[in-house]
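Novice: Input: one structure, supplied below.
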DNA sequence: TTAGGGTTAG
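Here is the structure:
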């Protein structure tokens with residue numbers, strides 16, 4: 001008790017009506033408890049409560065305990081609980097809720113069980129609190145409890161049940177529970193939308209969202225994030241613009257979702273807009289938002305800004321480092337990535353598996369085979385991190401790019417039990433790069449023999465055949481692909497002009513400025529001819545004549561994006577292009593040359609990495 | 001009491 005007694009720093013607003021002799025009114029104390037925002041204030045009130053012999057007051061005790069929980073001090077809450085004789089349902093519920101919101105799911109469940117053992121009957125509050133903290137299996141059992149105790153139709157309980165089933169992937173069941181609710185409200189709708197969005201069923205989510213009468217910041221966040229996390233970042237950005245026209249004010253969660261979308265589409269201007277919005281709307285940028293900004297700037301090609309945000313974050317955790325190292329990696333700045341990794345280790349920040357993905361991919365882009373192996377081994381031996389398939393992917397990629405195909409093949413084969421199609425794809429991609437037909441065929445044979453071949457296998461082998469001019473082989477693979485119903489993902493490039501992202505497919509005629517774009521393409525061809533450029537027609541993976549091949553290359557999506565960038569920005573402006581697939585060798589050469597001819601910096605992000613083209617040279621050193 | 005949130009190979 002002595003630790004509580006001196007009320008030294010009790011602020012005046014709390015002491016005004018409280019002298020040593022005067023007992024404070026319980027209802028006033030109750031109000032103070034509910035209003036206290038910091039643990040310090042709460043402890044002071046608690047002290048005063050004990051000093052005045054009110055420590056057994058049921059309502060005050062309950063409120064104190066609840067406040068401890070919500071301020072993240074669950075242990076104090078438990079202490080208080082343990083000192084309470086025969087706690088009632090409210091007490092138990094507050095405790096369960098406190099554990100649940102602080103992520104202590106198992107303990108929450110244990111208190112629930114204890115409550116049942118003590119014959120304290122749960123109420124609707126209890127059930128909805130505990131449902132939030134449970135897995136699908138436990139949720140099913142709790143569903144029975146809800147039924148038994150008669151709360152199955154309670155709005156809160158029902159909403160929590162919808163959440164549990166949706167989280168567990170039982171989306172149809174969740175929908176049925178949702179449809180049979182006595183009343184739908186903003187939260188239950190948002191819960192259902194979240195369920196669809198997390199499951200990747202974003203179109204269903206959108207239908208419900210569009211039908212909402214009222215939307216708050218959370219419902220907007222859920223739908224925007226749903227698009228952002230499921231490969232539809234453009235739609236996320238469109239919705240965000242719609243949100244700005246409403247009265248609903250975006251919050252940090254909105255910013256995180258939108259920054260992710262900006263990064264994916266390479267929308268630097270939109271990302272910068274968010275950054276300034278943040279600077280003006282919040283006092284300081286927290287670690288999470290900072291990380292998202294670093295990621296956005298890196299993916300939008302602006303490493304300087306990424307670094308600036310990085311330097312401005314005071315308490316850098318490992319995730320912040322991971323984002324920055326990953327940024328250096330995709331830009332091919334291998335040494336900077338490794339240096340930062342060293343710096344972070346030196347500062348005592350322990351790397352995670354994600355950190356190693358970042359540094360290993362940095363090594364792959366720089367062709368640093370021995371450094372990569374050393375890091376891979378250090379990860380296992382020094383840091384005790386078990387390599388995942390992603391790490392093997394990095395190593396296979398590193399070896400494959402460097403031409404050590406057999407070694408890479410052995411490594412993948414040694415892991416054939418949990419063979420990952422991506423790993424095989426990486427390896428086959430390396431075979432294409434080095435035109436190693438025999439190993440490619442050997443791999444495909446191996447995969448077919450073990451029943452591991454999939455549609456992608458044929459695509460890759462067909463690419464190897466095409467790269468070596470084996471058109472019979474290509475035709476065979478195309479036929480097999482047709483049979484298995486696969487299609488190659490179409491190449492798509494985008495460029496951001498005036499805060500708007502313009503997308504192009506190969507040979508695209510849909511853009512309103514198509515006339516000007518194609519005129520520019522012609523002009524570009526003229527420049528290339530003047531510089532004696534010869535098309536690298538072997539980059540065309542179809543068996544057609546040379547002239548047709550050249551024509552095919554000329555309308556590749558990245559060229560259309562480049563042409564549009566050239567006609568819609570001032571001379572000297574950097575052009576930033578984002579492509580969904582890897583850039584082809586011919587386009588790479590053309591873009592380099594155009595950077596010299598137009599004296600513009602051209603930055604292109606392809607599926608793998610960034611290419612900064614300046615004065616005819618590319619930052620990747622033609623190694624990609 | 002009910003909803004959302006940072007980094008991840010090719």
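Numbering (the UniProt record's numbering), first residue to last: 1 to 624.
Built from N, CA and C at the ideal position, the CB exists for glycine as well.
1) Are residue 629 and residue 156 touching if we call contact CB-CB under 8 Å?
2) Considering only their Cβ atoms, is the gap separating residue 91 from residue 107 smaller than 8 Å?
3) Please look up how many angstroms separate the CB atoms of residue 258 and residue 274, rounded, as I've assumed it's under 8 Å.
4) Could you have a look at residue 12 and say whether DSSP puts it in helix, strand or coil?
5) Once you ignore the five residues that flank residue 29 on each side, which residues in its own chain have a CB closer than 8 Å to its CB?
6) Hey, which unbroken runs of the alpha helix (DSSP H) at 4 residues or more fall wholly within the stretch 427 to 464?
7) Once the 5 residues before and after residue 354 are set aside, which same chain residues still bring their CB inside 7 Å of it?
8) Any idea which residues DSSP pairs residue 579 with across the strands?
9) Helix, strand or coil for residue 602? Go by DSSP, reduced to three states.
10) May I ask you to report which of helix, strand or coil DSSP gives residue 503?
11) In the DSSP assignment, find the unbroken alpha helix (DSSP H) run with residue 151 in it and report its ends.
12) For residue 324, which residues of its own chain have a beta-carbon under 8 Å away from its beta-carbon, when the five flanking residues on both sides are left out?
13) Alpha carbon to alpha carbon, how far is residue 585 from residue 615? Give it in angstroms, no decimals.
14) Quick one: any contact between the stretch 503 to 522 and the stretch 439 to 455, if contact means 3 or more CB pairs under 8 Å?
15) If we ignore side chains and look at the alpha-carbon of each, how far apart do residue 346 and residue 459 end up?
16) Applying the criterion that 16 or more other CB atoms from any shown protein chain within 10 Å of the CB defines a buried residue, is residue 5 buried or exposed?
17) Report buried or exposed for residue 620, applying the criterion of at least 16 other Cβ atoms within 10 angstroms of its Cβ.
18) Under 8 Å, do residue 554 and residue 579 count as touching if we go by C-beta distance?
19) Mind listing, in chain order, the continuous alpha helix (DSSP H) runs of no fewer than 4 residues lying wholly within the UniProt repeat "PPR" (317 to 351)?
20) Look up residue 613 in the DSSP assignment and say whether it is helix, strand or coil.
21) Does the beta-carbon of residue 490 have 16 or more other beta-carbons within 10 angstroms, so that it is buried, or is it exposed?
22) Which residues does DSSP pair with residue 618 in a beta bridge?
23) My assumption, with CB atoms under 8 Å, is that residue 173 sits in contact with residue 145. Please give the rounded CB distance.
24) Can you round the beta-carbon distance between residue 701 and residue 301 to whole angstroms, since I take them to be within the 8 Å contact cut?
25) Taking the C-alpha atoms as reference points, what is the distance between residue 9 and residue 37?
26) Determine whether the beta carbon atoms of residue 334 and residue 384 lie at a separation below 8 Å.
27) For residue 136, count the other beta carbons within 10 Å of its own beta carbon; 16 or more makes it buried, fewer makes it exposed. Which is it?
28) Among residues of its own chain, excluding the 5 on either side of residue 288, which ones have a beta-carbon nearer than 7 Å to its beta-carbon?
29) Thinking C-alpha only, which one of 102, 130 and 104 is nearest residue 113?
30) Would you decide whether residue 109 is buried or exposed? Buried here means 16 or more other CB atoms lie within 10 Å of its CB.
31) As a quick exercise: from 564, 591, 547 and 504, pick the residue whose alpha carbon is nearest that of residue 527.
32) Any contact between the stretch 222 to 233 and the stretch 461 to 472? By contact I mean 3 or more CB pairs, one from each, below 8 Å.
33) In the stretch 179 to 262, which residue ranges form an unbroken alpha helix (DSSP H) of at least 4 residues, counting only runs that do not cross its ends?
34) By how many angstroms is the C-alpha of residue 507 removed from the C-alpha of residue 213?
35) In this structure, how does DSSP classify residue 574 when only helix, strand and coil are distinguished?
36) Report yes if the CB atom of residue 56 is closer than 8 Å to the CB atom of residue 98, and no otherwise.
Specialist: Checking against the coordinates, here is how it stands:
1) There is simply no residue 629 to check, as the chain begins at 1 and stops at 624 in what is shown.
2) no
3) With a beta-carbon spacing of about 6 Å, residue 258 and residue 274 fall inside the 8 Å limit used to define contacts.
4) Here residue 12 scores only 46 on pLDDT, less than 50, and its place in the model should not be relied on; the value that follows carries that caveat. In this structure, residue 12 counts as helix in the three-state DSSP scheme.
5) Counting only residues of its own chain and dropping the five nearest sequence neighbours on each side, residue 29 has a CB closer than 8 Å to the CB of 45, 48, 49, 54 and 60.
6) 437 to 449
7) 322
8) Looking at the DSSP assignment, residue 579 forms a beta bridge with 493.
9) strand
10) Strand, per DSSP.
11) First-last for residue 151: undefined, no H or E at that position.
12) 294, 298, 306, 307, 310 and 340
13) 18 Å
14) no
15) 45 Å
16) With a pLDDT of 37 at residue 5, under the threshold of 50, the predicted position of this residue should be treated as unreliable, and no value is reported.
17) Buried, since its Cβ has 16 or more Cβ neighbours within 10 Å.
18) no
19) 318 to 330 and 334 to 346
20) strand
21) exposed
22) 613
23) At roughly 17 Å, the Cβ-Cβ gap does not stay under 8 Å, so residue 173 and residue 145 are not in contact.
24) Only positions 1 to 624 of the chain appear in this structure, which leaves residue 701 out of reach.
25) Legend: pLDDT at residue 9 = 45, less than 50; position of this residue unreliable, value from coordinates given subsequently. Each residue's alpha carbon lies about 16 Å from the other.
26) no
27) exposed
28) Cβ within range, chain order: 256.
29) 130
30) buried
31) 591
32) no
33) Correct list: 186 to 198, 202 to 210, 217 to 229 and 233 to 244.
34) 42 Å
35) coil
36) Their beta carbons are not under 8 Å apart, which means residue 56 does not touch residue 98 by this criterion.
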